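Worksheet for the structure shown next.
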Amino acid sequence: MINLPEVIQEMLSYKESLGFSRKTYENYLSDFNKYFSNYSQDHAIYFYR
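Position one of the sequence shown corresponds to residue 1 (the UniProt record's numbering), numbered consecutively onward.
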């Protein structure tokens with residue numbers, strides 16, 4: 001199982017290295033992480049890398 005906040009930070013760092021602004025994605029991903037954290041407490045969800 002993955003650590004979603006860690007993966008989000010890795011993605012933000014990668015996008016920044018390509019020249020994209022972190023602020024473009026950061027708020028959306030923060031909201032998604034909050035939603036996913038609440039949703040995953042009620043459901044068994046597995047992601048594989």
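Quick reminder that beta carbons are idealized off the backbone N, C-alpha and C, glycines included.
Owing to the predicted nature of the structure, the values given are computational and were not obtained by experimental measurement.
Could you give the distance in angstroms between the alpha-carbon of residue i and the alpha-carbon of residue j?
i: Leu29; j: Met11; result: 10 Å
i: Arg22; j: Gln9; result: 10 Å
i: Asp31; j: Gly19; result: 23 Å
i: Tyr39; j: Ser17; result: 31 Å
i: Asn27; j: Val7; result: 15 Å
What residues in its chain sit with their C-beta under 7 Å from that of residue i, if we drop five residues either side in the sequence?
i: Leu4; result: Asn33, Phe36
i: Tyr25; result: Leu12, Lys15
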